[in-house]
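*Asks:* A single structure is presented below for examination.
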Amino acid sequence: MVACLLYSAPDVLPRRHFSSSFGAQDAIVLLQKCTNFKQMKQIHAKIIRNGLDKEQLIVTKLLRLCSVYRKIDYATLVFHQIQKQNPQTFTWNLLIRAYNY
Numbered sequence: 001m002v003a004c005l006l007y008s009a010p011d012v013l014p015r016r017h018f019s020s021s022f023g024a025q026d027a028i029v030l031l032q033k034c035t036n037f038k039q040m041k042q043i044h045a046k047i048i049r050n051g052l053d054k055e056q057l058i059v060t061k062l063l064r065l066c067s068v069y070r071k072i073d074y075a076t077l078v079f080h081q082i083q084k085q086n087p088q089t090f091t092w093n094l095l096i097r098a099y100n101y
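Start counting the sequence shown at 1; every next residue gets the next number (UniProt numbering).
This is the structure:
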């Protein structure tokens, strides 16, 4: 189900952002520049394709953006993806804060 959500958005980010050497720092920069939920979903898809979806800092930024865009269902999906890794208290707090918005 997550894959359907992640790949359903039309391309809103220029292709130059998605080079073959996409790393954690690239993901963080793109998430910081993200201006809407569609962009965030595209970035998240790229993160998953490059195996960066287990990086705590990246997941934290994703959850924070979900909270800003008031996308609680999506935040819950992201959270459940990392739940197997024993998420940190800070990550739990981000999800709880997202429900307060």
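Note that the Cβ used here is the ideal one computed from N, Cα and C, for glycine as well.
Exposed or buried, residue 60, counting other C-beta atoms within 10 Å across all chains shown (16 or more means buried)?
*Replies:* Answer is buried; the Cβ neighbour count reaches 16.
*Asks:* Could you check if residue 75 is buried or exposed, using at least 16 other CB atoms within 10 Å of its CB as the buried criterion?
*Replies:* By the neighbour-count rule (16 or more Cβ atoms within 10 Å), residue 75 is buried.
*Asks:* Less than 8 Å between the C-beta atoms of residue 58 and residue 27, yes or no?
*Replies:* Cβ distance < 8 Å, so residue 58 and residue 27 count as in contact.
*Asks:* Closest by CA to residue 52, which one among 81, 64 and 66?
*Replies:* Ranking 81, 64 and 66 by Cα distance to residue 52 puts 81 first.
*Asks:* Pick out whichever of 70, 56, 54 and 21 has its Cα sitting closest to the Cα of residue 40.
*Replies:* Of the candidates 70, 56, 54 and 21, the one whose C-alpha sits nearest the C-alpha of residue 40 is 70.
*Asks:* With 16 as the cutoff for other CB atoms within 10 Å, does residue 29 come out buried or exposed?
*Replies:* Exposed: under 16 other Cβ atoms inside 10 Å.
*Asks:* Would you say residue 46 and residue 22 are within 8 Å of each other, going by their C-beta atoms?
*Replies:* Yes; because the gap between Cβ atoms is below 8 Å, this pair is in contact.
*Asks:* Out of 33, 99 and 78, which has the shortest C-alpha to C-alpha gap to residue 56?
*Replies:* Of 33, 99 and 78, the residue nearest in Cα terms is 78.
*Asks:* Check residue 54 in the structure and name its three-state DSSP category.
*Replies:* Residue 54: coil per DSSP, three-state reduction.
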